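Structure record follows, encoded as structure tokens.
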Amino acid sequence: MRDDRPDTESYVSPPRSLARLQLHAGFTFDDAAQVVPYYARLGVSHLYASPILRARLGSTHGYDVVDCNEVSSEIGGEEGLRRLVGALREHGMGLVVDIVPNHMGTGPENAWWMDVLRHGRDSRYAGHFDIDWQSPDPLLRGRLLLPVLGAGYEQTLRESHLHLVRRHGEWMLRLYDDYLPLSPASVRDLTDDAPAQHDPGNDEGRARLHALIEKQHYRLAFWKLASDMVNYRRFFDINDLVGLRIERTAVFEDTHRTIFRLYAEGLIDGVRCDHVDGLADPRRYCRQLRHRFERLRSQRPKDAPHDAAYIVVEKILAEEESLRSDWRVDGTTGYEFMDQVSAVLHDEEGEAPLSGLWRSLTGDGADFATQAVRARRQILVDSFESELERTARALFASARASVVTRDVSLAAIRRVLVELLVHFPVYRTYVGGAGRDAVDEAVFARAVEGAQRTVRGEDADLLYLVATWLGGEAPRSLPPGPVRRARERAIAVFQQATSPVAAKAVEDTAGYRYGRLLSRNEVGVDAAHLALAVEAFHRFAVERVETFPHTLLTTATHDHKRGEDLRARLAVLSEVAARWVPTVERWRMRHEAFRRRAEGRMAPSAADELMLYQMLVGAWPFDLEVSDEDGLEAFATRIATWQRKALREAKRWTRWTSPNEPYEDACEDFLRAMLSGEAAAELRAFASYIAVPGVANALAQVVLRLTMPGVPDHYQGTDYWDFSLVDPDNRRPVDFEARSRSMARNGSPLDALAGWHDGVVKQAVIHRLLCLRKTHPALFAQGGYRPVEAQGPGAGHALAFLREHRGRMLFVAVGRHLASWLAGADTPEVPVECWEGTTLALPERAWRGVLVEGQLEGGVVPAAAVFGGLPVAVWEAGR
Numbered sequence: 001m002r003d004d005r006p007d008t009e010s011y012v013s014p015p016r017s018l019a020r021l022q023l024h025a026g027f028t029f030d031d032a033a034q035v036v037p038y039y040a041r042l043g044v045s046h047l048y049a050s051p052i053l054r055a056r057l058g059s060t061h062g063y064d065v066v067d068c069n070e071v072s073s074e075i076g077g078e079e080g081l082r083r084l085v086g087a088l089r090e091h092g093m094g095l096v097v098d099i100v101p102n103h104m105g106t107g108p109e110n111a112w113w114m115d116v117l118r119h120g121r122d123s124r125y126a127g128h129f130d131i132d133w134q135s136p137d138p139l140l141r142g143r144l145l146l147p148v149l150g151a152g153y154e155q156t157l158r159e160s161h162l163h164l165v166r167r168h169g170e171w172m173l174r175l176y177d178d179y180l181p182l183s184p185a186s187v188r189d190l191t192d193d194a195p196a197q198h199d200p201g202n203d204e205g206r207a208r209l210h211a212l213i214e215k216q217h218y219r220l221a222f223w224k225l226a227s228d229m230v231n232y233r234r235f236f237d238i239n240d241l242v243g244l245r246i247e248r249t250a251v252f253e254d255t256h257r258t259i260f261r262l263y264a265e266g267l268i269d270g271v272r273c274d275h276v277d278g279l280a281d282p283r284r285y286c287r288q289l290r291h292r293f294e295r296l297r298s299q300r301p302k303d304a305p306h307d308a309a310y311i312v313v314e315k316i317l318a319e320e321e322s323l324r325s326d327w328r329v330d331g332t333t334g335y336e337f338m339d340q341v342s343a344v345l346h347d348e349e350g351e352a353p354l355s356g357l358w359r360s361l362t363g364d365g366a367d368f369a370t371q372a373v374r375a376r377r378q379i380l381v382d383s384f385e386s387e388l389e390r391t392a393r394a395l396f397a398s399a400r401a402s403v404v405t406r407d408v409s410l411a412a413i414r415r416v417l418v419e420l421l422v423h424f425p426v427y428r429t430y431v432g433g434a435g436r437d438a439v440d441e442a443v444f445a446r447a448v449e450g451a452q453r454t455v456r457g458e459d460a461d462l463l464y465l466v467a468t469w470l471g472g473e474a475p476r477s478l479p480p481g482p483v484r485r486a487r488e489r490a491i492a493v494f495q496q497a498t499s500p501v502a503a504k505a506v507e508d509t510a511g512y513r514y515g516r517l518l519s520r521n522e523v524g525v526d527a528a529h530l531a532l533a534v535e536a537f538h539r540f541a542v543e544r545v546e547t548f549p550h551t552l553l554t555t556a557t558h559d560h561k562r563g564e565d566l567r568a569r570l571a572v573l574s575e576v577a578a579r580w581v582p583t584v585e586r587w588r589m590r591h592e593a594f595r596r597r598a599e600g601r602m603a604p605s606a607a608d609e610l611m612l613y614q615m616l617v618g619a620w621p622f623d624l625e626v627s628d629e630d631g632l633e634a635f636a637t638r639i640a641t642w643q644r645k646a647l648r649e650a651k652r653w654t655r656w657t658s659p660n661e662p663y664e665d666a667c668e669d670f671l672r673a674m675l676s677g678e679a680a681a682e683l684r685a686f687a688s689y690i691a692v693p694g695v696a697n698a699l700a701q702v703v704l705r706l707t708m709p710g711v712p713d714h715y716q717g718t719d720y721w722d723f724s725l726v727d728p729d730n731r732r733p734v735d736f737e738a739r740s741r742s743m744a745r746n747g748s749p750l751d752a753l754a755g756w757h758d759g760v761v762k763q764a765v766i767h768r769l770l771c772l773r774k775t776h777p778a779l780f781a782q783g784g785y786r787p788v789e790a791q792g793p794g795a796g797h798a799l800a801f802l803r804e805h806r807g808r809m810l811f812v813a814v815g816r817h818l819a820s821w822l823a824g825a826d827t828p829e830v831p832v833e834c835w836e837g838t839t840l841a842l843p844e845r846a847w848r849g850v851l852v853e854g855q856l857e858g859g860v861v862p863a864a865a866v867f868g869g870l871p872v873a874v875w876e877a878g879r
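Have a look at this one:
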């Protein structure tokens with residue numbers, strides 16, 4: 001007899017599902033509270049908010065925090081937070097918030113930063129920021145470089161952009177429209193006529209003003225000098241985000257005081273830790289965070305959940321890399337799942353023709369790995385010269401600290417370091433006082449192996465020596481003293497340097513250069529791998545059950561390069577490569593007249609043109625007709641914004657630091673020409689051809705995210721189709737009213753399939769599966785995972801598995817590689833005859849449909865009966 005009772009066993013419950021919201025002045029706590037009823041009805045258990053502490057005025061993302069002890073007033077302040085939490089508690093929901101332990105925003109709004117500018121190394125907060133006060137540059141020793149000038153210092157001074165002013169009773173330096181503090185000693189003897197005496201409009205005044213500026217604890221510099229000279233650790237290469245020394249107890253306490261109080265008061269239930277790889281010691285930080293949350297649990301009010309705080313870290317895992325089990329976190333933010341679920345929907349048969357097309361059109365035979373190495377080498381010079389120098393000097397200090405290695409030169413260390421960074425296979429290692437463990441040893445072996453191929457012959461021995469200094473020999477094994485301290489410092493600096501280099505080189509450079517298939521160019525994805533075998537996908541799921549069963553599962557984030565359903569549509573190109581390749585070759589010839597010469601080269605380049613074609617067919621709206629001039633203009637504007645960003649990120653013909661606007665403009669002209677006449681009609685026709693199998697992929701993707709081991713993360717707006725582009729396009733306002741209306745109809749997925757263009761079918765699938773998770777939380781949180789293999793001619797088109805917990809079962813099957821059945825079709829409904837002869841074996845139970853109405857008896861069941869016309873299937877069986 002079927003048992004429909006909810007799972008009520010007592011266990012520490014993780015969130016069932018998260019819904020990510022981007023908070024800013026245009027979408028506040030009160031706005032979020034208004035959509036709580038919608039998300040509650042959808043089945044979400046926790047909202048998942050972008051950073052809530054005070055960020056810069058006007059921040060649209062919240063990652064530029066300037067005050068760690070205040071909830072942002074722009075999004076409603078603490079009172080707004082309490083109203084939101086009140087609404088959540090009324091619906092039995094919780095709140096997870098994003099925190100930023102790695103960095104803060106600089107500038108006048110950051111009181112700690114301003115205090116450091118005013119008092120230098122004597123500031124109470126001088127040790128809060130990761131500043132190198134021992135620069136070899138005599139003009140920077142004991143001073144902080146401020147790369148904030150729009151031109152050279154002398155020009156800025158001569159053009160009177162710098163002024164001595166009295167503001168709020170304090171002498172300050174006005175730079176453009178901002179104000180910088182002056183050291184107390186430097187202004188002690190100033191009188192009321194000081195501004196006139198320091199007037200930059202005349203030679204004498206300018207000399208006095210310069211002399212006053214030279215007495216400050218900072219040195220003003222042209223912003224473009226930052227990559228060469230900056231002496232504070234930045235978030236990647238962003239000058240106005242300064243690294244924190246969170247490994248210091250005082251900094252940890254000062255930056256987390258409010259977060260801990262909010263948790264103790266029951267206002268938040270967990271955290272997402274941003275960019276954990278930027279920290280000096282991520283393991284120590286995560287364990288410290290868990291320890292503090294555990295101590296605070298007993299203080300939480302009775303009406304707040306008393307389960308363990310949910311903690312996930314933003315961490316990109318390379319191939320064969322796993323999250324460390326001793327960090328005491330629940331998992332990552334899910335980039336690795338986004339990679340796996342995308343890859344398993346791609347067809348490996350498309351790899352050869354797509355690679356051939358890329359090589360033949362671009363003339364570049366380099367694979368993605370080679371592109372990544374080239375990008376790393378360029379990034380080190382273009383963006384991280386100062387970080388490279390800082391790391392080299394840390395290693396040089398280690399060498400000089402020992403008489404055995406005192407003759408090693410800084411230049412040689414720098415050369416070796418470049419090759420190690422260029423070939424480093426992961427974002428970072430986690431070496432501590434005990435030296436490298438087996439995992440990190442394997443990483444370094446791969447890095448050294450790669451560096452061996454490119455390092456100068458005379459530096460080969462030093463390569464192995466540097467690898468030894470970086471944890472091959474445990475610092476703890478050395479006697480206390482300068483050698484040990486220098487070695488520990490070198491390891492810490494090196495490990496904090498590898499992750500930003502990797503991120504900027506792989507995600508933001510190579511990912512915009514290598515365009516074989518853009519659905520595989522995503523955050524946390526190795527674009528070298530086009531597809532993933534079903535067997536490997538199952539293996540990853542089993543490992544997740546055994547290691548991090550509560551890790552986040554995501555397919556869309558605030559950082560994604562392309563929306564989840566855009567990627568799902570582009571994946572179809574791997575199945576229809578035989579049609580895509582000649583189509584692109586024909587377009588290249590037909591559109592030759594649209595290209596023009598700009599700055600000595602044809603625009604767009606072949607690579608840029610091929611990537612543009614993919615974005616146009618991948619993002620083409622379902623309802624956009626070529627006769628819709630306004631719609632085409634809106635679409636062109638969105639694509640043009642993406643295109644300009646993509647061109648600059650690729651750093652080939654243009655870049656952010658020195659835009660080549662003639663080339664960019666010519667590329668945009670080409671784009672707009674493509675969206676007119678016959679060219680637009682052909683684009684729309686091809687987009688329509690792959691649209692339906694793309695929808696099938698999209699539904700498969702969402703079903704897998706909501707049923708596999710882990711906690712599904714639902715990014716704002718993706719309950720309808722998500723064809724968003726890179727930010728800011730993926731942060732556009734969401735029409736929650738439309739979503740609430742369609743939710744109120746409470747139709748079945750099969751009913752919604754007829755009008756699939758509007759995205760309601762996706763919402764219906766999400767709703768039913770989230771409600772199932774709510775009814776049977778233990779099944780999803782603790783259930784096992786067992787692959788199921790289809791049999792018959794269509795077996796390769798089905799991916800299936802079982803979840804089971806204490807006798808309750810869930811059977812899931814999704815269609816994959818359905819283009820041969822659905823390309824050019826009018827609906828994602830899979831014809832019954834396509835599954836003819838294909839079967840799936842279900843355990844002998846009475847099964848009830850979750851997405852379709854009806855029942856099945858266990859045993860060998862025809863696949864057509866399992867799917868019931870949908871490209872996805874979910875069935876449940878009671879105890």
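Using full-length UniProt numbering, count along the sequence shown one by one with no gaps and you end on 879.
Note that the Cβ used here is the ideal one computed from N, Cα and C, for glycine as well.
In this text the structure is predicted, and so the values were computed from the model without any measurement.
Nonlocal neighbours in the same chain, by C-beta distance under 6 angstroms from residue i, ignoring five residues either side
| i | result |
| --- | --- |
| Pro475 | Gly433, Arg484, Arg487 and Glu488 |
| Arg806 | none |
| residue 890 | In the structure displayed, the chain extends from 1 to 879; residue 890 sits before or after that span and is not available. |
| Trp653 | Asn660 and Tyr663 |
| Lys553 | Residue identity check: residue 553 is Leu in the sequence provided, not Lys. Excluding residues within five positions, the ones whose Cβ falls inside 6 angstroms are Gly334, Phe337, Arg705, Gly710 and Pro712. |
| His423 | Ala447, Gly450 and Ala451 |
Unbroken alpha helix (DSSP H) run spanning residue i, endpoints
| i | result |
| --- | --- |
| Asn697 | Gly677 to Thr707 |
| His119 | Ala111 to His119 |
| Glu804 | Run containing Glu804: none in the alpha helix (DSSP H); it sits in the beta strand (DSSP E), Ala798 to His805. |
| Gly86 | Gly77 to Glu90 |
Identity of the residue in the options nearest residue i by Cα
| i | options | result |
| --- | --- | --- |
| Val408 | Asp303, Thr429 and Val466 | Val466 |
| Asp189 | Val584, Ile238, Ala865 and Trp171 | Trp171 |
| Glu609 | Ala619, Trp620 and Glu592 | Glu592 |
| Arg124 | Phe801, Ser740, Ala752 and Trp112 | Trp112 |
| Ala394 | Phe494, Asp177 and Arg328 | Phe494 |
| Gly331 | Phe780, Pro549 and His306 | Pro549 |
One or two residues paired with residue i in a DSSP bridge
| i | result |
| --- | --- |
| Asp67 | Arg54 |
| Pro862 | Thr839 |
| Ala879 | It should be pointed out that residue 879 corresponds to Arg in this sequence rather than to Ala. Partner(s): none; Arg879 has no beta bridge. |
| Ile221 | This sequence places Ala at residue 221; Ile is not what is there. Pro147, per the DSSP bridge assignment. |
| Ala366 | Ala366 pairs with nothing; no bridge assigned. |
Backbone CA spacing between residue i and residue j [nearest angstrom]
| i | j | result |
| --- | --- | --- |
| Tyr39 | Val381 | 47 angstroms |
| Ser10 | Arg297 | Residue confidence for Ser10 is low, a pLDDT of 33 falling below 50, so the modelled location carries little weight; the figure read from the coordinates is stated next. When rounded, the distance between both Cα atoms is 18 angstroms. |
| Ser322 | Asp713 | 20 angstroms |
| Ala196 | Glu507 | 51 angstroms |
| Arg5 | Asp719 | Per-residue confidence for Arg5 stands at a pLDDT of 42, beneath the threshold of 50, marking its modelled position as unreliable; no derived number is given. |
| Tyr310 | Pro500 | 26 angstroms |
| Thr8 | Leu810 | Reliability fails at Thr8, whose pLDDT of 39 lies under 50, so the model's placement of it is uncertain and the value that follows must be treated cautiously. Approximately 17 angstroms, taken between the alpha carbons. |
| His538 | Ile246 | 38 angstroms |
| Ser724 | Phe635 | 11 angstroms |
| His103 | His61 | 14 angstroms |
| Cys286 | Val702 | 30 angstroms |
Close beta carbons around residue i, own chain, < 7 angstroms, minus the five adjacent residues each side
| i | result |
| --- | --- |
| Leu851 | Pro749, Val765, Arg768, Leu870, Val872, Ala873 and Val874 |
| Ala87 | Ala33 and Val36 |
| Gln299 | Ala264 |
Bounding residues of the beta strand (DSSP E) (the contiguous stretch that carries residue i)
| i | result |
| --- | --- |
| Pro787 | Gly784 to Val788 |
| Leu162 | Leu162 to Arg167 |
| Asp98 | Gly94 to Ile99 |
| Asp178 | Asp178 to Pro181 |
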